[in-house]
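Structure first, then comments.
Protein chains in written order, with full-length UniProt numbering: chain E, 1 to 408; chain W, 1 to 423.
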């Protein structure tokens with residue numbers, strides 16, 4: 001399945017869920033306690049922790065499962081859909097279309113859980129009357145389908161292998177959903193026994209959960225601030241050249257894609273992402289007059305220009321966060337046949353990251369507008385790369401680019 | 001390390017008074033302690049000891065302990081006298097194990113914590129609070145008020161301790177301290193309330209479940225602080241590399257950022273704003289990259305060049321807009337506006353200019369005059385530069401910012417603040 005069709009399926013499901021909720025609410029009516037559950041969507045959606053390499057988690061499962069046990073089926077669907085939309089639109093500033101996809105991804109598991117217990121159409125009161133065993137079964141279905149969906153999405157959208165995803169984000173996602181669901185089962189039990197006391201406890205529990213999850217949110221936000229800042233620095237360097245705006249970030253996205261398709265380890269992918277953003281940082285040490293010179297450079301100017309990978313690596317070397325990416329930057333102008341600079345490395349002696357960055361940067365440069373020429377099509381760009389494959393570029397990397405160019 | 005012999009006399013009296021007061025209260029109300037509940041009391045004591053031994057770093061600096069949460073549960077589910085005994089002993093033991101055994105300090109810490117918690121517990125009872133009937137009026141309101149009493153008492157003891165030690169006005173420090181710790185204190189109320197209800201309705205052992213989540217939180221916060229530090233270093237050194245090409249020379253942006261942050265703190269702006277202003281100071285001239293040939297002494301500043309230099313704020317603002325914080329980009333955009341409206345790019349006036357931009361304007365002018373770079377031809381001494389800034393009050397610069405600047409430059413050593421909780 002392609003990126004487009006998955007996105008379409010998810011958003012259609014999300015839209016359908018919203019329609020179902022609206023109709024059901026109009027027919028059955030909304031009780032006061034259900035409104036409380038819907039209000040809790042706001043704080044749970046706020047706590048959005050982005051995971052590496054893909055996916056995110058929120059506290060939504062806690063409220064969704066509580067609703068599953070205590071409220072009519074449409075409320076749990078509503079909670080799942082609303083929390084996904086609120087979280088995406090308000091707190092991650094995504095377009096509505098992406099939010100609808102998220103809503104689809106979050107409602108499918110709860111619908112499956114309801115269907116697995118046969119409660120989808122029949123019960124007006126949720127699973128409260130069923131035994132603990134059935135509730136637990138529904139929770140298992142819910143958690144399992146959530147993780148599977150997230151894995152499919154990561155593999156189709158971000159090119160992450162399912163195995164890699166399951167051993168990183170998937171594990172966190174599963175244990176988080178399981179933990180929150182168990183908390184929710186406990187809370188609903190309390191509510192069943194003590195009535196109003198239970199509903200009084202619910203908001204307190206959500207706030208307490210937010211408090212204990214908050215450090216993880218800070219940590220994940222810090223990561224996105226880091227990449228935003230690095231691409232800001234890259235843009236600043238770009239001012240010396242013809243300013244091309246978001247060029248660095250796009251090149252970095254392509255490089256990450258290539259690295260994943262080449263099945264490199266996630267640690268290597270992280271290095272490549274940083275190196276791709278900052279690869280031209282050494283240009284800061286080269287005079288703007290040389291960088292912008294429209295005619296051919298003389299040998300002295302050429303020497304100065306060819307220093308930029310070395311200067312870049314020297315700037316990055318002492319900085320703890322950037323050290324591991326410095327080698328990739330140093331060699332990002334080496335050619336596969338050994339004719340590049342600064343060291344004239346050849347073939348596999350060039351770090352794989354450098355070979356990837358070179359291809360990603362060239363492809364992105366050809367396909368974006370420059371002051372001196374218009375952007376060319378992806379196919380034309382591929383033609384150029386193919387022509388220099390084995391000379392300037394690593395044939396393996398170019399072949400990989402050809403394989404994934406359709407989804408770039 | 002402080003020893004009793006070297007401490008001032010009234011300070012010794014203060015410590016003695018607090019410890020004796022705690023002992024007297026304990027003696028008077030010893031009969032009210034429910035000794036049959038000894039397993040619960042023992043559990044509280046162990047938990048309080050453990051949590052106060054392992055402080056959790058706070059994201060905004062300093063340390064917090066989850067002890068406070070436990071204290072609130074304790075004061076609502078136990079008698080005031082029991083709370084005094086358990087809180088005092090637990091806190092003193094935890095404190096002695098983590099910070100070393102100094103008898104007078106350990107006793108004072110235990111005594112002040114015991115009195116604070118006991119007092120708060122008394123207030124909770126008097127207001128009719130009970131965890132057995134959870135509701136807003138019957139539980140949450142008394143609970144919140146009791147937590148405020150605890151915080152006020154704790155801050156009082158700690159600030160008057162330091163006030164006597166450092167000869168600082170402690171009433172003002174007390175109020176400031178109370179205000180500063182108010183939000184973090186109120187944030188612990190919901191989880192403490194939840195734990196108190198679970199304690200009563202489910203089982204006292206639920207407290208242990210809460211304890212399990214603490215190491216993970218501690219790990220995440222430590223990692224966060226570490227990453228933040230690394231990230232700051234990375235940005236600093238990249239900016240340093242960019243700075244080399246500027247006429248004011250390497251380190252200029254960093255110096256402007258430091259001064260701007262100091263001014264913002266002096267003006268008592270909230271922490272997130274200070275952070276944005278520091279970043280804005282660091283990046284204020286980022287749009288200058290690519291213009292370095294204009295600073296070549298061979299080139300004359302003709303009109304088109306001036307125009308291009310004026311454009312650097314637009315470029316810089318666009319670049320800074322990459323950051324998730326919008327206000328940083330605004331600071332970069334407006335740092336050449338003048339207070340009287342004669343600046344660029346938009347000719348904003350007075351309060352229309354973001355406060356961060358007004359601060360960075362003063363910091364940049366001062367640092368540029370010291371460095372003697374563009375547009376100031378000669379180096380000025382610090383006194384000359386200060387005079388030049390004073391002359392421009394109301395014209396280029398915001399009077400409030402200049403006030404803070406003058407106050408900062410006359411100040412010698414900034415007094416350091418201390419954390420919440422203990423000593």
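All C-beta atoms in this analysis are idealised placements derived from N, C-alpha and C, irrespective of residue type, glycine included.
In chain order, 80 and 84 place their CB closer than 6 angstroms to the CB of residue 106 of chain E, counting only its own chain and leaving out the 5 sequence neighbours on each side. For residue 228 of chain W, the neighbours in chain E by C-beta distance under 7 angstroms run, in chain order, 222.
Here DSSP, grouped into helix, strand and coil, assigns residue 393 of chain W to strand.
Taken in chain order, the members of the region 192 to 210 of chain E whose beta-carbon sits within less than 7 angstroms of a beta-carbon on chain W are 194, 197, 200, 201, 204, 205, 207 and 208.
Ranked by Cα distance from residue 254 of chain W, the first of W:193, W:360 and W:182 is W:360. Within the model, the alpha-carbon separation for residue 16 of chain E versus residue 9 of chain E is close to 10 angstroms. Residue nearest to residue 57 of chain W within the set W:221, W:177 and W:110 is W:221 (criterion: CA-CA distance). Annotated three-state conformation of residue 61 of chain E is helix, per DSSP. Under the three-state reduction of DSSP, residue 55 of chain W is assigned to coil, being neither helix nor strand.
Setting aside the 5 residues that flank it on each side, residue 98 of chain W is surrounded in the same chain by 53, each with a C-beta closer than 6 angstroms to its C-beta; the list follows chain order.
For residue 405 of chain E, the secondary structure class from DSSP, reduced to helix, strand or coil, is helix. Per DSSP, residue 109 of chain W has no beta bridge partner at all.
Contact of residue 234 of chain W with chain E is assigned, a C-beta pair being separated by under 8 angstroms. In this structure, residue 360 of chain E sits near residue 254 of chain E, with a CB-CB distance shorter than 8 angstroms. Under the DSSP assignment, residue 35 of chain W falls outside any alpha helix (DSSP H); it carries neither an H nor an E label. Taking the Cα positions, residue 292 of chain E is about 18 angstroms away from residue 368 of chain E.
Taking every protein chain shown into account, the CB of residue 24 of chain W has fewer than 16 other CB atoms within 10 angstroms, so this residue is exposed. At a cut-off of 8 angstroms, the C-beta of residue 356 of chain W has no neighbouring C-beta in chain E. Of the other Cβ atoms in all chains shown, fewer than 16 fall within 10 Å of the Cβ of residue 12 of chain E; this residue is therefore exposed. Closer than 8 angstroms to the CB of residue 395 of chain E there is not a single CB belonging to chain W. For residue 236 of chain W, the uninterrupted alpha helix (DSSP H) run begins and ends at 206 to 243, by DSSP. By the CB criterion at 8 angstroms, residue 283 of chain E and residue 308 of chain E fall inside the cutoff. Note: residue 370 of chain E is bridge-paired with E:373 in the DSSP secondary-structure output.
The beta carbon of residue 137 of chain E sits no closer than 8 angstroms to any beta carbon of chain W. DSSP places residue 166 of chain E inside the alpha helix (DSSP H), whose first and last residues are 162 to 167. For residue 286 of chain E, the three-state secondary structure derived from DSSP is coil. Across the structure, residue 33 of chain W and residue 86 of chain W are spaced so that their CA atoms are roughly 10 angstroms apart.
If you keep only unbroken alpha helix (DSSP H) runs of at least 4 residues inside the region 297 to 363 of chain W, you get 303 to 320 and 326 to 334.
Minimum Cα-Cα distance from residue 211 of chain E among the listed residues W:188, W:363 and W:232 corresponds to W:188. When C-beta distances to chain W are compared with 8 angstroms, the residues of the region 311 to 337 of chain E below that value are 315, 318, 319, 320, 321 and 322, in chain order. Taking a beta-carbon distance threshold of 8 angstroms, residue 225 of chain E counts as an interface residue toward chain W. Contact between the region 319 to 331 of chain W and the region 218 to 235 of chain E is present: three or more C-beta pairs spanning the two stretches fall below 8 angstroms. The DSSP assignment places 169 to 194 as complete runs of the alpha helix (DSSP H) inside the region 169 to 207 of chain E, in order along the chain (cut-off: 4 residues).
Inter-residue distance for residue 249 of chain E and residue 319 of chain W is about 13 angstroms (C-alpha atoms, whole angstroms). For a cut-off of 8 angstroms, the C-beta gap from residue 205 of chain E to residue 278 of chain E is around 44 angstroms, too long to register as a contact.
Our two residues, residue 104 of chain W and residue 138 of chain E, have alpha carbons roughly 59 angstroms apart in a direct line.
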